[in-house]
Every structure is written in structure tokens, then in C-alpha cells.
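Engineer:
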Amino acid sequence: MQHVDRDAPARPAVGKAELFVGFLKIGLLGFGGVGPQARHIIVEERHWLSDREFAELLGVGQMLPGPNTVNAAVLIGDRFQGPAGVLASLLGMMAMPLLIVTALALVYDRFATLSEVGAGLTGAAAAAAGLVLGTALKMIRNIRLPRVGYLTLALAFVGLAVLRWPLVGVVAVVAPLAIGLTVLGRRW
Amino acid sequence: MTSVLAELARTFAALSLVSIGGINVLLPDIRHQVVDVHGWMSDAAFAHTFAIASAAPGPNVIVVSLVGWQVAGIAGLAVATLAIMVPPCLLALLAGRVLVRWSGTTAVAVLKAALVPLGLGLMLAAGVTLVRAVDEGAMNLAISAASAAFVVFTRCNPLWALAAGTAASIMALHLL
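Chains as they are written, first to last, in this note's numbering: chain P, 1 to 188; chain V, 1001 to 1176.
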């Protein structure tokens, strides 16, 4: 496997057309959720952001209302090209999915009863779930966290996946804790 | 017609501002508004719409676009999409600007440093929750594990794992 320091900050110039095409690809290939595909194209394929920068923007996006990846697209578009970049990113990300979803709605009735379609969709859902898991694991591997960071990570994970609290509850409890831990971690 | 569009806009704009955690968290509320409150579609039609939106690529917010389309055609699609997206996007733009404006301060540095592990923990939990949510069975679990490993150990596009999982599932239908 290639060893690239994906934790290092990168600051390339990304144009509006590049944003549009990049997010067009993210939207078109983002089956079962856009997150893994967004990280792959933004961090691994195009080197627009490092893993840490991507995680920062995603983290901000998770704290705000609205879909995480849409928020991340807004932050990335604005960072490189201002409001025009936001429009380019959002139009790119939404264009193909909107076309495809309406086309699917038109033909769905004819194919919905085929057992292959059901099996295929279940397999795709299982794979998509694995992609989210794998992407999280890869980012955790690539980003060096301070020791208190791993405690925050574990608390958020346990709250959502083990205790199955609602996301808003997890954020309300863990976000202040995370900030407190970070302040303590900086002092020591 | 105009009143339906205005209702679509009002309903989804209001929902968009409470959608912390994304559209999946909001889905029960969307169903409640669309089916119970406005009667725009039946429960079965909504489930149907959700299934179609899940099969399409892209952000899962397109389920709202599809609801708009089924309720009021192309105008409904445009209105519903804009209503669910514009308010959070403006908020994200504002928040991003605030973070950049005060990027040199300790407060923003602390906030960013705290949000990274929090976001990673939430993403890891989302992955585990999604794996659990797919119908149980060794086959599906193996597909999930294989695609997770694919992402961790290769730098290839994740779409390959998705295609392989889909194909494996269809083949298993005929072989097992």
C-alpha cells in the first residue's frame, strides 16, 4: 500500500468548474450515501483537502441542521470559490441524482416485483453500510488525535451505537464534554 | 396548485431547520407531515417513494425532492428541493464564514479540535448502526465486512465494492 501523509494540510487552488465536476462525480457515484464517495474523491483522488481538514468540515456539518454532505459541500465550495463555488458544488452534487431519481420513479413499478431487484438492493445496502464503516475506520487511522480525542470518539460512538441515544442527545452531551477535554488536553 | 407549492415550501423549510443529523433522522417527521398532516400521499406510497430514493445515487435529501415531484410535478420537485436545502445551506455558509473569520482564535481551534473526534465517533457509530440495520444473515454481514475492508486497505473507488456486493447478493439468490 502507498504511504502518503494524508494528515498534512494541503491547500491547492480549486476552480469553479473543477468543483462542479468533482461534486457531479460524487453525486453520480454516491450510492447508499454520499459520505464515502465524497471522502474518496476530495481527499484521495483530487487532494483538495487532507483527511483532517475533511473531518473538520464534516464535523462542523454534523453540528448544523441539514444533510452533512450538503453542508460539507457548502463549506468546501465557499472555501475555494466563495458563493459561486457553493452554487457550483451544490448544482454538481444534486444534478444527476435528481435526474436519476425521477427516471427511477417512472420505471420502478415495472421492476419492483423482480426478486433480483430486491436481492440487489439488499446487497447494495449491505455494501454501502460497510463503506461508511470502512471510511470511518480509515479516517481514524489517518488522523492523529491527542489522547483525549480518542475518549471523545469513544463517548460519541457508545452514545449513538451502544446506548442508541438520538443523535441530538449524543451531540448535546458529548460536544460540551469534547470541548472541555480539548481545553484540558491543551493545558496539560 | 400555488397553494400546494406554498405548503410544500413552508413544510420542508420548517423541517430543514430541525434536521440536525441529516435526513435519515428526520424521516419519521417527514412521513408524518406528508402522510398524516397534509395527506399528500398514502403510507404505502411514501414507503415506495423512500425505496426509490434509496436506490438512486446522491444525498438522501432527494427523497424530499421525489415527494415534491409526486405531489406537484416538476414545480413541486424544485420547490421541495429548494425548501429543504436553502435554509441549512445559508446557515452552513454563515457558520463557515464565522469559523474562518475567527480562525486565529483559541476558541475556534478548540472547537475544531473537539469536533474532529466527535464527528469520527458519530461516523463510526453510523457505520455500525447501518450494518446492523441491513437484514441479518451471514451473506449481508460478509458483504458489509468486505466493503469496509476494501475501503480501509485499498485506494480504489468505493463504487467497486458496492457493485461487487450487489452482484454477490443477486448471485446468491440463484445459487443458494
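Don't be surprised by glycine CBs; every beta carbon is placed ideally from N, CA and C.
Keep in mind it's a predicted model, so treat the numbers as computed, not measured.
How about P:Gln190: is its C-beta nearer than 8 Å to some C-beta of chain V?
Structural biologist: For residue 190 of chain P there is no data in the structure shown, the boundaries of chain P being 1 and 188.
Engineer: 8 Å is my cut-off, CB to CB: does P:Val183 come that close to chain V?
Structural biologist: yes
Engineer: P:Gln62 touches chain V at which residues, Cβ-Cβ below 9 Å?
Structural biologist: Ile1020, Gly1021, Gly1022, Leu1115, Leu1118, Gly1119, Leu1122 and Met1123
Engineer: Is P:Ala8 close to chain V? Criterion is C-beta to C-beta, closer than 8 Å.
Structural biologist: Note that P:Ala8 scores 49 on pLDDT, short of 50, meaning its location in the model is unreliable; the coordinates nonetheless yield the value given after this. Not an interface residue.
Engineer: Please list the residues of the region 66-87 of chain P that have a C-beta atom closer than 8 Å to any C-beta atom in chain V, keeping them in chain order.
Structural biologist: Listed by position, the residues of the region 66-87 of chain P near chain V (Cβ gap below 8 Å) are Gly66, Pro67, Asn68, Thr69, Val70, Asn71, Val74, Leu75, Asp78, Arg79, Pro83 and Val86.
Engineer: Count the other CB atoms, across all protein chains shown, that sit within 10 Å of the CB of P:Asp78; report buried if there are 16 or more and exposed otherwise.
Structural biologist: Flag for P:Asp78 reads buried.
Engineer: Kindly indicate which three-state DSSP category P:Ile143 falls into: helix, strand or coil?
Structural biologist: coil
Engineer: Just to confirm the assignment: which complete alpha helix (DSSP H) runs, minimum length 4, are found wholly within the region 16-70 of chain P?
Structural biologist: 16-29, 35-39 and 51-63
Engineer: Closer than 6 Å by C-beta to P:Leu75: which residues in its own chain qualify, once you throw out the five before and the five after it? Chain order, please.
Structural biologist: Leu57
Engineer: So, using beta-carbon positions, are P:Gly33 and V:Thr1166 closer together than 8 Å?
Structural biologist: no
Engineer: Can you list the residues of chain P that V:Met1085 reaches, using a CB-CB cut of under 9 Å?
Structural biologist: Chain P residues near V:Met1085: Gly66, Pro67, Val70, Leu90 and Met94.
Engineer: Using a Cβ cut-off of 8 Å, pull out every chain P residue sitting near V:Arg1010, in sequence order please.
Structural biologist: Per Cβ cutoff of 8 Å: no residues; V:Arg1010 is ~16 Å from chain P at best.
Engineer: State the CB to CB distance for the pair P:Leu138 and P:Gln81, rounded to an integer number of angstroms; the pair is presumed to be in contact (CB under 8 Å).
Structural biologist: What sits at residue 138 of chain P in the sequence shown is Lys, not Leu. With 8 Å as the limit, P:Lys138 and P:Gln81 do not qualify as a contact, their Cβ atoms being about 28 Å apart.
Engineer: Just reading off the alpha helix (DSSP H) that V:Pro1088 is part of, what are its end residues?
Structural biologist: Ile1062 to Arg1101
Engineer: Could you give the distance in angstroms between the alpha-carbon of V:Leu1015 and the alpha-carbon of V:Asn1060?
Structural biologist: 15 Å
Engineer: Using the Cα positions of V:His1174 and V:Val1128, report the straight-line distance between them to the nearest angstrom.
Structural biologist: 28 Å
Engineer: Is there a Cβ from chain P that is less than 8 Å from the Cβ of V:Trp1102?
Structural biologist: At least 8 Å separates the CB of V:Trp1102 from every CB of chain P.
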